[in-house]
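This report refers to the structure that appears directly beneath it.
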Amino acid sequence: MTHHDQTKAQNRRNGKVALICVGIFAGMVGMAYAAVPLYDLFCRVTGYGGTTQRADAGSQTILDREIIVRFDANTSSGLPWDFEAETRTVRVKLGQMAEVFYKAENLSGHQTVGTSTFNVTPAEMGGYFNKIDCFCFTEQPLVAGESVDMPVLFFIDPAMDEDDRLDKVKEVTLSYTFFPVKEKQSDETASVVTDEGTQRGAKL
0 MTHHDQTKAQ NRRNGKVALI CVGIFAGMVG MAYAAVPLYD LFCRVTGYGG
50 TTQRADAGSQ TILDREIIVR FDANTSSGLP WDFEAETRTV RVKLGQMAEV
100 FYKAENLSGH QTVGTSTFNV TPAEMGGYFN KIDCFCFTEQ PLVAGESVDM
150 PVLFFIDPAM DEDDRLDKVK EVTLSYTFFP VKEKQSDETA SVVTDEGTQR
200 GAKL
């Protein structure tokens with residue numbers, strides 16, 4: 000085999016290795032994206048990591064035992080919002096339904112979109128903290144200077160009273176963090192600048 004033939008064979012082998020590497024990388028990315036909803040589902044079912052539960056209706060049982068619920072609000076540095084809990088603390092009985100509001104305001108001069116994640120502490124409370132209505136994982140667009148009140152309707156499962164690990168728990172914190180969402184440009188409409196310097200939608 001000539002040197003030229005050896006070089007061509009080596010290039011073919013290198014090309015195959017590169018394709019295999021690309022395939023493995025693509026597979027890992029796909030698995031990562033698939034793992035996100037599966038992990039989220041696992042957390043919702045088990046309350047792992049302080050993930051709260053979703054409920055369609057309130058509890059039929061209300062106990063005398065009370066819990067203080069604190070509300071925390073955080074904003075990612077990439078999102079120019081003022082985000083805060085309008086009510087900082089409430090005292091509720093186990094099984095009692097309560098509603099509080101968070102407020103978000105866009106401090107920038109243009110529209111921005113945010114979405115929130117949440118958790119409760121102590122983490123063991125995640126399986127007992129039930130939300131009937133909330134704004135988590137929902138994309139919230141705000142135009143420049145706009146503000147919005149967002150409700151959270153919740154109750155704490157009376158079954159918490161039977162969990163020996165939580166006998167001494169008297170307080171729980173519900174924490175939300177808003178992150179920026181990159182706006183997607185429409186496939187049919189693009190934003191163009193007219194001769195007058197204003198923006199309008201134009202068909203591609």
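Heads up, the sequence shown is in numbering that gives the first Met the number 0, so the first residue is 0 and it goes up one at a time.
Note that the Cβ used here is the ideal one computed from N, Cα and C, for glycine as well.
Everything numeric in this text was worked out from a predicted model, so none of it was measured.
DSSP puts Pro140 in a beta bridge; with which residues?
Counting from one through the sequence shown, the residue named residue 140 turns up at place 141. Answer is Val112.
Given this structure, state the Cα-to-Cα distance separating Pro157 from Phe136, to the nearest angstrom.
Mapped onto the sequence shown, residue 157 falls at position 158. Mapped onto the sequence shown, residue 136 falls at position 137. Roughly 26 Å between the two C-alpha positions.
Boundaries of the beta strand (DSSP E) in which Met96 is found, first to last residue:
Sequence index remark: in the sequence shown, residue 96 carries index 97 (1-based). Met96: not part of any beta strand (DSSP E); DSSP gives it neither H nor E.
Is the CB-CB distance between Arg69 and Thr172 below 8 Å?
Position 70 of the sequence shown, counted from the start, is the residue given in the question as residue 69. Position 173 of the sequence shown, counted from the start, is the residue given in the question as residue 172. Their beta carbons are under 8 Å apart, which means Arg69 touches Thr172 by this criterion.
Assign Glu107 to one of two classes, buried (16 or more other C-beta atoms within 10 Å of its C-beta) or exposed (fewer than that).
By one-based count along the sequence shown, residue 107 stands at place 108. One detail in the question is off: residue 107 reads as Ser in this sequence, not Glu. Residue environment: Ser107 is assigned as exposed (fewer than 16 neighbouring CB atoms within 10 Å of its CB, all protein chains considered).
Buried or exposed: which applies to Val142, given that a residue is buried once 16 or more other Cβ atoms fall within 10 Å of its Cβ?
The sequence position of residue 142 within the sequence shown is 143, counting from 1. Exposed, because fewer than 16 other Cβ atoms sit within 10 Å of the Cβ of Val142.
Determine the direct distance from the alpha carbon of Pro179 to that of Asp81, and round the result to whole angstroms.
Residue mapping note: residue 81 aligns to position 82 of the sequence shown, counting from 1. Residue mapping note: residue 179 aligns to position 180 of the sequence shown, counting from 1. The straight-line gap from Cα to Cα measures roughly 13 Å.
Below 8 Å CB to CB, which residues in the same chain sit around Ala97 once its five sequence neighbours on both sides are set aside?
As a working note, residue 97 is residue 98 in the sequence shown. Val68, Val89, Val91, Leu152, Phe153 and Phe154.
Work out the CA separation of Phe128 and Pro121 for me, nearest whole Å.
Here residue 121 corresponds to residue number 122 of the sequence shown, with the count starting at 1. Here residue 128 corresponds to residue number 129 of the sequence shown, with the count starting at 1. Each residue's alpha carbon lies about 11 Å from the other.
DSSP three-state assignment for Arg161, whether helix, strand or coil:
Counted from its first residue, the sequence shown places residue 161 at position 162. In the sequence under discussion, the amino acid at residue 161 is Glu, which differs from the Arg named in the question. The three-state secondary structure of Glu161, taken from DSSP, is helix.
Identify the continuous beta strand (DSSP E) that holds Lys130 and give its terminal residues.
Taking the sequence shown and counting its residues from 1, the one referred to as residue 130 is at position 131. Phe128 to Asp132 is the extent of the beta strand (DSSP E) around Lys130.
Determine the burial state of Gln59: buried for a count of at least 16 other Cβ atoms within 10 Å of its Cβ, exposed for fewer.
For the purposes of this step, residue 59 is identified with residue 60 of the sequence shown, where counting begins at 1. The residue in question, Gln59, is exposed, as its Cβ has fewer than 16 Cβ neighbours within 10 Å.
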